[in-house]
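*Asks:*
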Amino acid sequence: MRLTTAQALVRFLAAQWTERDGTEQRLIEGCFGIFGHGNVAGIGQALAEQGAGLHDPLPYYLARNEQAMVHTAVAYARTRDRLSAFACTTSIGPGATNLVTGAALATINRLPVLLLPGDVFATRAAGTVLQELEDPRSHDVTVNDCLRPVSRFFDRIDRPEQLPAALMAAMRVLSDPAETGAVTLALPQDVQAEAADWPEELFARRVWHVARPVPEPAALERANALLRGSRRPLIVAGGGVKYSGACADLPAFAERHGIPVAETQAGKGAMPYDHPCAVGAIGHTGTAAAVALAREADLVIGVGTRYTDFTTASRTLFGRARFLNVNVAAFDAAKHAGEMLVADARQALRALGPDGWRADPEWSGRAASLSRSWQEVAARAYAGEELTQPVLLGLVNEAARGGVVVNAAGSMPGDLHRLWRADHPAQYHVEYGYSCMGYEIAGGLGVKLAVPEREVFVLVGDGSYLMMAQELATAVQEGVKLVVVLVDNGGFASIGALSEAVGAARLGTAYRARGGSGHLDGDPLPTDLALNAASLGADVLTAGDPDAFRQALEKAVAATRTTVIHARTVPGGGPEAQAWWDVPVAEVSGRAEVRQARARYEAARRDQRPYL
């Protein structure tokens with residue numbers, strides 16, 4: 001079959017499927033792309049030739065920013081439990097390097113996305129081409145090499161004959177839950193347009209089985225021995241619980257053995273918030289209940305978690321507890337010198353647990369009591385006469401029943417982790433592996449494409465909005481309805497508070513003009529974010545108090561188009577962090593507040609443990 005390399009690539013991607021538990025779905029659901037000279041005559045032409053509409057084999061979606069389209073693709077893959085993904089194509093040069101942040105986010109969060117950046121001529125016949133990096137050490141280095149460290153698989157296709165092997169390797173990584181992340185195939189612009197003869201079997205329908213690894217019997221016995229020796233166990237549920245579809249098995253396991261369950265950011269929603277065994281969020285952004293139990297636990301059972309520093313409170317939270325780690329990836333199962341149970345979370349939870357064994361009844365009772373107390377704290381935070389951030393979140397929480405909330409960076413992830421009451425596993429979508437400002441609106445678009453039947457609520461601060469709001473135009477273009485809550489507090493409030501805590505005096509965290517003193521302490525900037533959102537095609541509502549915000553939410557939910565609620569909040573209202581986070585403080589300073597912060601830092605750091 002005579003096709004260009006790009007035509008062969010497009011035809012191959014349209015024929016790839018995944019299967020788990022007997023259910024099949026497309027592996028590559030579509031292709032986001034922004035075209036330039038490095039991909040328009042290759043992938044652009046190939047998509048146009050096969051048809052690029054929603055009902056064609058590989059639908060095409062126009063994005064506004066290359067980083068944003070990766071965020072959209074990643075959010076889609078997460079919502080689809082990593083069983084389906086998107087491709088993203090760019091031109092060479094800045095279009096390709098704009099992918100780097102999105103690729104890092106995907107790989108850090110263990111989420112599949114296929115990146116197809118254009119590259120410089122493989123033949124080098126044209127000499128130094130537009131947007132080419134000239135490296136005096138080697139002629140085979142291009143800007144796309146920036147993607148190597150943030151990709152789980154990277155290949156450059158310098159000859160058409162290289163494509164089949166690269167494609168097979170790429171699909172294997174994308175469909176493997178233990179290895180998945182960003183996959184990059186760099187495509188020189190001349191090779192994209194070069195024709196070759198391809199075997200027809202390359203384009204046959206291919207189904208990639210997504211395995212559920214079962215626990216090794218010896219490892220299972222070692223794990224059960226740890227459980228039998230434990231009186232005060234605590235489960236830390238991560239994103240792997242949700243990706244494996246184990247959200248019914250986790251409560252059943254916890255009930256059977258009387259074990260309290262805490263949740264990471266990725267794992268939040270794996271347990272109903274009002275379940276008797278649920279103690280809420282864990283770590284620096286955790287609930288008082290989960291943090292207190294973590295400090296007393298003698299065994300930590302991590303299920304599908306990679307133990308970020310927020311989860312472990314920078315290794316100060318779990319004292320001298322032992323670890324039992326259930327994970328499909330041995331890399332994560334081995335962390336903190338834990339007993340490794342390398343297996344699918346659902347399969348492991350069904351196999352794990354000695355018959356008749358339960359945690360100490362006093363421990364289970366204490367967990368339930370602490371959880372009830374925390375729910376009272378959360379209820380007070382959600383109530384109030386002023387539109388603080390927690391009050392705003394409480395109103396969204398009430399409106400979002402059956403929907404999905406999307407957020408990523410700033411102070412909101414902390415308040416959401418502590419306070420949000422998830423009513424189904426897919427409701428909570430907070431990107432906190434990379435905590436990438438600008439993810440929110442693009443990510444909300446990906447979520448809505450994955451679950452069009454659900455209402456999607458995007459929570460975005462003014463700082464993130466100003467970094468990447470342009471995918472509002474994409475949502476309008478696609479007829480995709482989002483409810484975007486734009487929280488305006490005049491700057492980077494979260495990092496401002498942290499800046500003050502470490503003695504940096506809120507430098508660069510407020511949106512103010514240059515004042516007469518030469519500092520950024522003049523008048524507030526006259527930016528009109530509501531007008532900006534309207535200019536991108538969204539309907540816009542404004543609110544400055546709880547009643548007005550509730551009414552705006554009702555209108556936005558009833559609307560049929562993407563609607564932005566511009567809300568100005570007042571400071572305060574949220575519970576303080578219950579556990580530490582390691583942010584170094586200057587060791588020497590002429591400022592007394594810095595020296596005091598350093599003393600507190602050194603005292604806290606003494607509680608860090610190597611978990612060996």
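Quick note on numbering: UniProt numbering labels position 435 of the sequence shown as 435, and the sequence is numbered without any gaps. Here a beta-carbon is modelled for each residue, glycine too, at the ideal position from N, C-alpha and C.
(1) Any contact of the stretch 457 to 469 with the stretch 410 to 420, i.e. 3+ C-beta pairs under 8 Å?
(2) Can you name the residues that DSSP bridges to proline 117?
(3) Could you compute how far the alpha carbon of lysine 481 sits from the alpha carbon of arginine 82?
(4) Using a Cβ distance threshold of 8 Å, determine whether the stretch 304 to 318 contacts the stretch 272 to 288, with at least three qualifying pairs required.
(5) Here's the rule: buried if 16 or more other CB atoms are within 10 angstroms of the residue's CB, otherwise exposed. What is leucine 105?
(6) Is DSSP giving glutamate 339 helix, strand or coil here?
(7) Got a sec, what are the start and stop residues for the alpha helix (DSSP H) proline 188 sits in?
(8) DSSP state of isoleucine 34, grouped into three classes?
(9) Rounded to the nearest angstrom, what separates alanine 586 and arginine 595 at their Cα positions?
(10) Are the CB atoms of glycine 30 and glutamate 66 nearer to each other than 8 Å?
(11) Rounded to a whole number of angstroms, what is the C-alpha to C-alpha distance between alanine 329 and alanine 237?
(12) Who are the near neighbours of tyrosine 432 in its chain, counting only those whose CB is closer than 6 Å to its CB and skipping five residues on each side?
(13) Rounded to whole angstroms, what's the CA-CA distance from valine 406 to glutamate 440? Just pull it up for me.
(14) Do glycine 286 and alanine 262 come within 8 Å of each other at the CB atom, strictly closer than that value?
(15) Please say whether valine 173 and arginine 152 have beta carbons closer to each other than 8 Å?
(16) When you compare the CB positions of aspartate 135 and aspartate 582, do they come within less than 8 Å of one another, or not?
(17) Can you tell me the Cβ-Cβ gap for leucine 392 and alanine 246, rounded? I've got them flagged as a contact below 8 Å.
(18) For phenylalanine 203, which option in Glu376, Phe12 and Ala504 has the closest C-alpha, if you only look at C-alpha atoms?
(19) Could you give the first and the last residue of the continuous alpha helix (DSSP H) run that contains valine 241?
(20) Under 8 Å: do the stretch 215 to 222 and the stretch 332 to 348 share three or more Cβ pairs, one atom per stretch?
(21) Per DSSP, which one or two residues make a beta bridge with proline 233?
(22) Compare the beta carbon distance of alanine 77 and leucine 116 with 8 Å and say whether it is the shorter of the two.
(23) According to DSSP, is alanine 281 part of a helix, a strand, or is it coil?
(24) Helix, strand or coil for isoleucine 108? Go by DSSP, reduced to three states.
(25) Between the Cα of tyrosine 257 and those of Arg228, Ala193 and Lys268, spot the shortest distance and give me the residue it belongs to.
(26) Leucine 163 and leucine 62 look like a contact to me (Cβ under 8 Å); what is the Cβ gap, rounded to whole Å?
(27) Would arginine 156 and aspartate 119 be called neighbours here (beta carbons separated by less than 8 Å)?
(28) Look up valine 129 in the DSSP assignment and say whether it is helix, strand or coil.
(29) Decide if serine 314 is buried, meaning its Cβ has at least 16 other Cβ atoms within 10 Å, or exposed.
(30) Contact between the stretch 268 to 276 and the stretch 414 to 426 is defined here as three or more beta-carbon pairs at a separation below 8 Å; is this criterion met?
(31) Does DSSP classify glutamate 134 as helix, strand or coil?
(32) Return the CA-CA distance between alanine 294 and histidine 139, expressed in angstroms with no decimal places.
(33) Identify which residue in Arg358, Leu553 and Pro584 has its Cα closest to the Cα of tyrosine 601.
(34) Check whether the Cβ atoms of aspartate 145 and proline 188 lie closer than 8 Å to each other.
(35) Taking 8 Å as the cut-off, decide whether the C-beta atoms of residue 624 and leucine 419 are in contact.
(36) Less than 8 Å between the C-beta atoms of valine 456 and valine 483, yes or no?
*Replies:* In terms of the structure at hand:
(1) By the criterion of at least three beta-carbon pairs nearer than 8 Å, the stretch 457 to 469 is in contact with the stretch 410 to 420.
(2) Bridge partners of proline 117: Thr90.
(3) In this model, lysine 481 and arginine 82 are separated by some 23 Å (Cα to Cα).
(4) Yes: the two stretches touch, three or more of their Cβ pairs being nearer than 8 Å.
(5) By the neighbour-count rule (16 or more Cβ atoms within 10 Å), leucine 105 is buried.
(6) For glutamate 339, the three-state secondary structure derived from DSSP is strand.
(7) It is not in any alpha helix (DSSP H) - proline 188 instead sits in the beta strand (DSSP E) that spans 182 to 188.
(8) Of the three classes helix, strand and coil, the one that applies to isoleucine 34 here is coil, per DSSP.
(9) C-alpha of alanine 586 to C-alpha of arginine 595: approximately 8 Å in a straight line.
(10) Cβ distance not < 8 Å, so glycine 30 and glutamate 66 don't count as in contact.
(11) Each residue's Cα considered, the two are about 15 Å apart.
(12) These residues qualify, in order along the chain: Gln265 and Pro413.
(13) Each residue's Cα considered, the two are about 6 Å apart.
(14) With contacts defined as CB atoms closer than 8 Å, alanine 262 and glycine 286 qualify as a contacting pair.
(15) Yes, they are a contact pair.
(16) No. Outside cutoff.
(17) Beta-carbon to beta-carbon, leucine 392 and alanine 246 are separated by about 32 Å, too far to satisfy the 8 Å threshold.
(18) Closest by alpha carbon: Phe12.
(19) 239 to 243 is the span of the alpha helix (DSSP H), which, as asked, contains valine 241.
(20) When C-beta atoms of the stretch 215 to 222 are compared with those of the stretch 332 to 348, three or more pairs fall below 8 Å, so the two segments count as touching.
(21) Beta-bridge pairing links proline 233 to Leu299.
(22) Not a contact, by the Cβ cut-off of 8 Å.
(23) DSSP places alanine 281 in strand when its eight states are reduced to three.
(24) Note: isoleucine 108 maps to helix in three-state DSSP.
(25) Strictly speaking, residue 257 in this sequence is histidine, with tyrosine absent from that position. With distances taken between CA atoms, histidine 257 lies nearest to Arg228 out of Arg228, Ala193 and Lys268.
(26) The C-beta distance from leucine 163 to leucine 62 rounds to 25 Å, too long to fall under 8 Å, and the pair is not in contact.
(27) In this structure, aspartate 119 lies closer than 8 Å to arginine 156 by Cβ.
(28) DSSP places valine 129 in coil when its eight states are reduced to three.
(29) Buried, by the Cβ-count rule.
(30) Contact between the stretch 268 to 276 and the stretch 414 to 426 is present, because at least three Cβ pairs lie under 8 Å.
(31) In the displayed model, glutamate 134 falls within coil according to three-state DSSP, outside both helix and strand.
(32) Between alanine 294 and histidine 139, the C-alpha separation is close to 54 Å.
(33) Closest option to tyrosine 601, judged by alpha-carbon separation, among Arg358, Leu553 and Pro584: Pro584.
(34) Not a contact, by the Cβ cut-off of 8 Å.
(35) Given that the chain is displayed from residue 1 to residue 612, the structure contains no residue 624 and the question cannot be resolved.
(36) A contact, by the Cβ cut-off of 8 Å.
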